[in-house]
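K.L.:
Input: one structure, supplied below.
There are 2 protein chains.
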Amino acid sequence: MTSKEEAGKLEWRISVDNGTTERLVPKSGLSKRIFLCLKGLVMKVIVERIAKFTRKAWRIGADDPAKMVHCMKVGLALSLVSIFYYTRPLYDGVGGNAMWAIMTVVVVFESNVGATFSKCVNRVVATILAGSLGIAVHWVATQSGKAEPFVIGCSVFLFAFAATYTRFVPSFKARFDYGAMIFILTFSLVSVCGYRVEKLVDLAQQRVSTIAIGTSICIIITVFFCPIWAGSQLHRLVQRNFDKLADSLDGCVAEYFKEKEVATNQKEDEETNMKLQGFKCVLNSKGTEESMANLARWEPAHGSFNFRHPWKLYLKIGAAMRRCAYCLENLSICINYETEAPEQVKKHFGEACMKLSSASSKILRELADMMKNTRKSSKMDFLVFEMNTAVQELQETLKTVPIETNKPDEEISSEEDNKGDSEDITMSMSLHEVLPVATLVSLLIENAARIQTTIKAVDELANLAYFEQDSKKKTGDNNTKQPPVGS
Amino acid sequence: MTSKEEAGKLEWRISVDNGTTERLVPKSGLSKRIFLCLKGLVMKVIVERIAKFTRKAWRIGADDPAKMVHCMKVGLALSLVSIFYYTRPLYDGVGGNAMWAIMTVVVVFESNVGATFSKCVNRVVATILAGSLGIAVHWVATQSGKAEPFVIGCSVFLFAFAATYTRFVPSFKARFDYGAMIFILTFSLVSVCGYRVEKLVDLAQQRVSTIAIGTSICIIITVFFCPIWAGSQLHRLVQRNFDKLADSLDGCVAEYFKEKEVATNQKEDEETNMKLQGFKCVLNSKGTEESMANLARWEPAHGSFNFRHPWKLYLKIGAAMRRCAYCLENLSICINYETEAPEQVKKHFGEACMKLSSASSKILRELADMMKNTRKSSKMDFLVFEMNTAVQELQETLKTVPIETNKPDEEISSEEDNKGDSEDITMSMSLHEVLPVATLVSLLIENAARIQTTIKAVDELANLAYFEQDSKKKTGDNNTKQPPVGS
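As they're listed, the protein sequences go chains A and B. Residues in the first sequence are numbered consecutively from 1, following full-length UniProt numbering. Residues in the second sequence are numbered consecutively from 1, following full-length UniProt numbering.
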């Protein structure tokens, strides 16, 4: 405070140890205090939000270091391409248009190889196509004398219209959406710029060469520095989804038949719950699968995937898996059903259901293994046979379901095994009571049928992608995956 | 053929009417004929492919003329922005950088208002941010003398790393992905260009002004010429999905209980089949809903949607709808079940099931109507009551399910109504035979419960978005949507 401000104010002073006095200043006025308080609050909110965002970002990086690597690669590519600015001969070599190279790197560099390739190819091809077309239109326009702007304007309108239109055709959009945009961009630039720029061909050539520089830097860095392949990601996604389905299936059926009295600790509960919900990942992975399969097609051969790896089949497998997941989603109906099925009914079905569910989940795990090792399975025939047997047993159990009887519980459990003589083991209960069990059974049986479709899809992939034979047992005939017993 | 080539060749000549002779030339050599044949084949294939593509493209345009309009708008915007090239004062006004304006239009113009807005805002904000940061870094770098390229290189690496990293955070990516890319682009351009370009501030200012020109042209055209709103599209999508669910539900249940003998003509069959498959649209619309809801948030108030319309609730409604669709997906189990349920069981359940399904689909249609007219429904309470009654009746029917009886069919149908005395109307049949019906019943009951969740979600939307009261009957209390009978 200046001395002027202090004049005419009351002051509190206090004697301090060393003999001088110190002024006691009120901390601040009310308005100032409110301001400080608000400021603190706002700062706190902002700091908290930033901290939250940072924590979230950190977790993403920690969960998947590949993402960190990608960020580093982007930085590296940009640093590399900016060398064209720092070294005079290179800068002059591209006619001072090094900017386009930087732009290309920023726009084209994607986190996986497929996406980068697809964008590179799209950008180069579209630029060349549109560039030559633009030069042609420019030539026509210059011949037309005064009507030049009109001719250019019309052609820009028409080509922009046509190229935008193609972006609505799904099959085209999936592969060449970016190319169509670059086509419009380059065509407009070349044909319109031609009106002002003298050396149009030079400009076009520089643009093409800078784009070539940018794309080649991107491709080199993306392929040779810790490459992230869309194909491998898709492959792993499908494999993980098989595991998740198996966990969910086991979990749901076990949850239904488990004794309610057993106390479990909370952490275990949470873990089980997460496993139960695994099928939701499968339900939601359609979009990811589609885009990955689309990008994987652009990738060169890598790892165990050839250039013409049948990526489309992954979509088929994914669809088949999702159909299983729909069944599992509805299993929750049985678990949450309001009227609990009577204990003896549960007991009656428990064994057969568990057997079927474990046979089914074994197959799912085997499929995950097949994907993981890119090997054909030697056990699959046996597992399918086991599952079909379990289905048949469950159906037999259904036929001998004890309805309308007054026999005590003990006898029933002892008689569970003599299937076939349904007359003497019937209990007095209505369909209402057995409804959840019946639903469970029918969903499990349907699920088994859907798993068979999934097996067929994976087998198709194994054949087309030349998966190796399982080393443990070389079966000569791969087409005999048909279940020995009709499904 | 020249005379030189002809020398030493045999020739066939024929006398023609006017006295001269004409040479008979063999049509072509074998190789030439093969070449022509191949050429024809290739041409045919290409022409066919182009024709197919054109037909497909035409159908897309015919189905949705809005797409045509969008293409025209792109052409219009580009023609408008190229005026900056044709008129000298405008061209000089932006320092010959009109190119950036064209680029902005091509990159930013999207088919709906929300997407265009989001890209415009992202582009402008990111450019200004990155531009000022780039100038600051450039200033620091020039102070550091010889280390200039090193300082710039490091800062480019760091900022590119950070910006790329944020693109992996889902909540950030959903809204600012494009902005992050433009940030990297502008920052690299400004800081690196600064090494060569003298008047950096002028360059930055020109870039900002050209981008401003481009974005304003885009916004004006997209908003004032036949605007396509992401919000309206989302709203209509949800509404259509309700209708599709209702059709599917009705169709599936009718399909199950229909008399197999009735001959239907093929066209009708196809139509029914398409209706049956309606739920698949609901299953697959998650991605569309999410991106639409994301874009709709950027849109200004339009039609009956305010600026702060609760678009997020559409995702909740969509999720609730999908849960209904899962049930419908599994209804196909019952339809395709290998063992047909006995006729009398079907008859016994037919009426109650049809009643429940029609009550459920009535609610779905009412929800579609609510969405269509953005009005609260006055009938909903009654419809929910009806559905709950139907559920209870179906449960009663379950309790009196006729198992183990030898009474003839006629008596059963007459006795259907005296529920409660299950002792005397029992038929000899196992659970195996009634399994499909039991599954159907339990899925229908579950579906009814899930529809209740959907109603709650739509009610929440109606309250938050201030849907009008239905004019037919003004109910004062909107919170009494609770079903009069427990679900």
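Even for Gly, the Cβ is constructed at its ideal location relative to N, Cα and C.
Compare the C-alpha of V169(B) against each of L80(A), N447(A), V169(A), G61(A) and name the closest.
P.N.:
Position 169 of the second sequence holds residue 169(B). Minimum Cα distance to V169(B) is reached at G61(A).
K.L.:
Mind listing, in chain order, the continuous alpha helix (DSSP H) runs of no fewer than 4 residues lying wholly within the region 194-246 of chain B?
P.N.:
Qualifying alpha helix (DSSP H) stretches, in chain order: 200-224.
K.L.:
From the DSSP output, which residues share a beta bridge with R375(A)?
P.N.:
Counting from 1 along the first sequence, the entry for residue 375(A) is found at position 375. Looking at the DSSP assignment, R375(A) forms a beta bridge with E468(A).
K.L.:
Assuming S118(A) is part of the alpha helix (DSSP H), what are its boundary residues?
P.N.:
If you number the first sequence from 1, residue 118(A) lands on position 118. Its alpha helix (DSSP H) spans residues 113-143.
K.L.:
So which residues of chain B does L189(A) contact, with C-beta pairs closer than 8 Å?
P.N.:
Taking the first residue of the first sequence as position 1, residue 189(A) is located at position 189. What L189(A) touches in chain B: M99, I102, M103.
K.L.:
Between V42(A) and chain B, is the shortest Cβ-Cβ distance under 9 Å, so that the two count as touching?
P.N.:
The residue labelled residue 42(A) in the question sits at position 42 within the first sequence. No, V42(A) lies away from the interface with chain B (no Cβ there is under 9 Å from its Cβ).
K.L.:
With a threshold of 9 Å between beta-carbons, can N406(A) be considered close to chain B, or not?
P.N.:
To locate residue 406(A), count along the first sequence from 1; it is residue 406. In this prediction, N406(A) has a pLDDT of 32, which is less than 50 and means its spatial position is unreliable; what the coordinates show is noted afterwards. No, N406(A) does not count as interfacial toward chain B.
K.L.:
Who are the neighbours of G75(A) on chain B, taking C-beta pairs under 8 Å?
P.N.:
Here residue 75(A) is taken as the residue at index 75 of the first sequence, counted from 1. Chain B residues near G75(A): V156, F157, L158, A160, F161, T164.
K.L.:
When the Cα atoms are used, what is the spatial distance from R323(A) to R123(A)?
P.N.:
As a first step, residue 323(A) is located in the first sequence; it is residue number 323 there, counting from the start. As a first step, residue 123(A) is located in the first sequence; it is residue number 123 there, counting from the start. The alpha-carbon atoms of R323(A) and R123(A) are separated by roughly 38 Å.
K.L.:
Would you give the residue range spanned by the alpha helix (DSSP H) that Q392(B) belongs to?
P.N.:
As a position in the second sequence, residue 392(B) is number 392, starting the count at 1. Q392(B) -> alpha helix (DSSP H) spans 380-399.
K.L.:
Output yes or no for whether 9 Å exceeds the beta carbon distance between R375(B) and E468(B).
P.N.:
Here residue 375(B) refers to the residue found at position 375 of the second sequence. Here residue 468(B) refers to the residue found at position 468 of the second sequence. Closer than 9 Å, so yes.
K.L.:
Less than 8 Å between the CB atoms is what I'm expecting for T186(A) and T127(A), so what's the real figure, rounded?
P.N.:
As a working note, residue 186(A) is residue 186 in the first sequence. As a working note, residue 127(A) is residue 127 in the first sequence. The Cβ separation is near 5 Å, so the contact holds.
K.L.:
Where does F305(B) fall in DSSP's three states?
P.N.:
Taking the second sequence and counting its residues from 1, one reaches residue 305(B) at position 305. Residue state, collapsed to three classes: strand.
K.L.:
Are at least three pairs of beta-carbons, each pair with one atom in the region 265-284 of chain A and one in the region 377-388 of chain A, less than 8 Å apart?
P.N.:
The region 265-284 of chain A is not in contact with the region 377-388 of chain A.
K.L.:
So that I know if they touch, is there some Cβ in chain B lying closer than 9 Å to that of H138(A)?
P.N.:
Translated into the one-based positions of the first sequence, residue 138(A) becomes position 138. Taking Cβ atoms only, chain B never reaches closer than 9 Å to H138(A), which makes this a no.
K.L.:
Measuring straight from C-alpha to C-alpha, what distance separates S358(A) and N388(A)?
P.N.:
Along the first sequence, one-based indexing puts residue 358(A) at 358. Along the first sequence, one-based indexing puts residue 388(A) at 388. The alpha-carbon atoms of S358(A) and N388(A) are separated by roughly 12 Å.
K.L.:
I'd like to know whether the C-beta of L38(A) is nearer than 9 Å to at least one C-beta of chain B.
P.N.:
Locating residue 38(A) in the first sequence gives position 38, where the first residue counts as 1. Chain B contact via Cβ: absent.
K.L.:
Establish whether the CB of S31(B) and some CB of chain A are separated by less than 9 Å.
P.N.:
By 1-based counting over the second sequence, the position of residue 31(B) is 31. No, S31(B) does not count as interfacial toward chain A.
K.L.:
Would you say I217(B) lies against chain A (beta-carbon separation less than 9 Å)?
P.N.:
Taking the second sequence and counting its residues from 1, the one referred to as residue 217(B) is at position 217. I217(B) does not count as touching chain A.
K.L.:
Here's the rule: buried if 16 or more other CB atoms are within 10 angstroms of the residue's CB, otherwise exposed. What is V47(A)?
P.N.:
For this step, residue 47(A) is matched to residue 47 along the first sequence. Exposed.
K.L.:
Under 8 Å by Cβ, that's how I've got V441(B) and L383(B) pegged, so tell me the actual separation to the nearest angstrom.
P.N.:
One-based indexing of the second sequence puts residue 441(B) at position 441. One-based indexing of the second sequence puts residue 383(B) at position 383. Actually they do not touch by this definition, with Cβ atoms about 21 Å apart.
K.L.:
Closer than 9 Å by beta-carbon distance: list the chain B residues that pair up with S118(A), in chain order.
P.N.:
In the first sequence, counting from the first residue as 1, residue 118(A) sits at position 118. Correct list: empty, because the minimum Cβ distance to chain B is about 16 Å.
K.L.:
Which residue from D63(B), T87(B), V106(B) puts its Cα closest to that of I219(B)?
P.N.:
Along the second sequence, one-based indexing puts residue 219(B) at 219. Per the Cα distances, V106(B).
K.L.:
Against chain B, with Cβ distances strictly below 9 Å, would M72(A) count as a contact?
P.N.:
Position 72 of the first sequence, counted from the first residue, corresponds to residue 72(A). Cβ-Cβ to chain B under 9 Å: yes for M72(A).
K.L.:
Taking all protein chains shown into account, do 16 or more other C-beta atoms lie within 10 angstroms of the C-beta of N447(A), making it buried, or fewer, making it exposed?
P.N.:
Here residue 447(A) refers to the residue found at position 447 of the first sequence. Under this definition N447(A) is a buried residue.
K.L.:
Does R175(B) get closer than 9 Å to chain A when you measure Cβ to Cβ?
P.N.:
Locating residue 175(B) in the second sequence gives position 175, where the first residue counts as 1. It does not: the Cβ of R175(B) has no partner Cβ on chain A nearer than 9 Å.
K.L.:
Three or more beta-carbon pairs under 8 Å between the region 238-250 of chain B and the region 365-372 of chain B, yes or no?
P.N.:
With the cut-off at 8 Å, the region 238-250 of chain B and the region 365-372 of chain B touch.
K.L.:
Where do the N-terminal and C-terminal ends of the alpha helix (DSSP H) with D92(A) fall, by residue?
P.N.:
To locate residue 92(A), count along the first sequence from 1; it is residue 92. Run containing D92(A): 88-93, per the alpha helix (DSSP H) assignment.
K.L.:
Does DSSP classify residue 488(A) as helix, strand or coil?
P.N.:
A question about residue 488(A) goes unanswered here, because the residues of chain A that appear run from 1 up to 487.
K.L.:
Beta-carbon separation of T215(B) and V113(B) under 9 Å?
P.N.:
Numbered from 1 along the second sequence, position 215 holds the residue referred to as residue 215(B). Numbered from 1 along the second sequence, position 113 holds the residue referred to as residue 113(B). No, Cβ-Cβ distance for T215(B) and V113(B) is not below 9 Å.
K.L.:
Going by the beta-carbon positions, is the gap between E252(B) and S304(B) smaller than 9 Å?
P.N.:
Indexing the second sequence from 1 puts residue 252(B) at position 252. Indexing the second sequence from 1 puts residue 304(B) at position 304. Rather than Glu, the amino acid found at residue 252(B) in this sequence is Cys. No. Outside cutoff.
K.L.:
Can you name the residues of chain B whose CB is closer than 8 Å to the CB of A438(A)?
P.N.:
Counting from 1 along the first sequence, the entry for residue 438(A) is found at position 438. Neighbours of A438(A) on chain B, chain order: L431, V434, L435, A438, T439, S442.
K.L.:
Could you say which of K67(A), K44(A), L435(A) lies nearest to A162(B) if we only look at CA atoms?
P.N.:
Here residue 162(B) corresponds to residue number 162 of the second sequence, with the count starting at 1. The option with the nearest alpha carbon to A162(B) is K67(A).
K.L.:
What residue from V81(A), H138(A), A438(A) has the CA that sits closest to A204(A)'s CA?
P.N.:
By 1-based counting over the first sequence, the position of residue 204(A) is 204. Of the listed residues, the one whose Cα sits closest to A204(A) is H138(A).
K.L.:
Since V81(A) is in the alpha helix (DSSP H), which residue starts that stretch and which ends it?
P.N.:
On the first sequence, residue 81(A) is found 81 positions in, with the first residue counted as 1. Taken as a continuous stretch (DSSP letters only), the alpha helix (DSSP H) holding V81(A) covers 65-81.
K.L.:
Can the beta-carbon of H309(B) be found closer than 9 Å to that of A465(B)?
P.N.:
Counting from one through the second sequence, the residue named residue 309(B) turns up at place 309. Counting from one through the second sequence, the residue named residue 465(B) turns up at place 465. In this structure, A465(B) lies closer than 9 Å to H309(B) by Cβ.
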